[in-house]
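A.B. asks: The sequence shown begins at 126 in the numbering used here and counts up by one. For glycine and all other residues, C-beta sits at the position ideal for the given N, C-alpha and C. Treat the numbers as computed from the prediction; the structure is a model and nothing was measured.
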Amino acid sequence: MIRHQMNAKERIRMGTRQSIDHFLEQCEGALRFAGFEYTEASRQEHWDDETYQSAQSYLEEAMRQMEPIYASANPEQKERLQRMKGQLDLMRHDMITLRH
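(1) Do C152 and M209 count as a contact pair if the criterion is CB distance below 8 Å?
(2) If you run the structure through DSSP and keep just helix, strand and coil, what is Q223?
(3) For E162, which residues of its own chain have a beta-carbon under 7 Å away from its beta-carbon, when the five flanking residues on both sides are left out?
(4) Determine the direct distance from the alpha carbon of H218 to that of H147, and round the result to whole angstroms.
(5) Quick check: A166 and L206, are their CB atoms within less than 8 Å of each other?
(6) In angstroms, rounded to a whole number, what distance separates the CA positions of M131 and Y195?
(7) Run through the segment 143-204 for me and flag every whole alpha helix (DSSP H) of 4 or more residues, listed as ranges in chain order.
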């Protein structure tokens, strides 16, 4: 019985780790998309506002989704999530303050 419970706990931990890994991959995708749009917008006088705003929305959505994930993470995972949050914050700031 105890062994079965340990396995269940390990499965939960594994599922949480995989969920966090998957979430961080999604965040990296949002950062790549936003970075591309930022680079394009900084090169051009006119750019696709809708796509640029969409990239900003992806960043904001990732930050919203991070809160409940962070709450269930272990200390190591929280550190990884915190680093990602910093990257998302920086890109979001850069996109907001870009002068056209």
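C.D. replies: In terms of the structure at hand:
(1) Sequence index remark: in the sequence shown, residue 209 carries index 84 (1-based). Sequence index remark: in the sequence shown, residue 152 carries index 27 (1-based). The answer is yes: Cβ separation under 8 Å.
(2) As a working note, residue 223 is residue 98 in the sequence shown. First, the amino acid is wrong: residue 223 is Leu here, not Gln. In the three-state scheme derived from DSSP, where H, G and I count as helix and E and B as strand, L223 is classed as coil.
(3) Numbered from its first residue, the sequence shown carries residue 162 at position 37. Closer than 7 Å at the Cβ level, and outside the excluded window around E162, lie T176, Y177, A180.
(4) Here the question's residue 147 lines up with position 22 in the sequence shown. Here the question's residue 218 lines up with position 93 in the sequence shown. Each residue's alpha carbon lies about 24 Å from the other.
(5) Locating residue 166 in the sequence shown gives position 41, counting from the first residue. Locating residue 206 in the sequence shown gives position 81, counting from the first residue. A166 is not a Cβ neighbour of L206, given a cutoff of 8 Å.
(6) The count along the sequence shown starts at 1 and reaches residue 131 at position 6. The count along the sequence shown starts at 1 and reaches residue 195 at position 70. At M131, the pLDDT of 41 sits below 50, so the modelled position is not reliable; the number obtained from the coordinates is stated separately. Near 23 Å, if we compare the C-alpha coordinates of Y195 and M131.
(7) The segment 143-204 contains these whole alpha helix (DSSP H) runs: 174-196.
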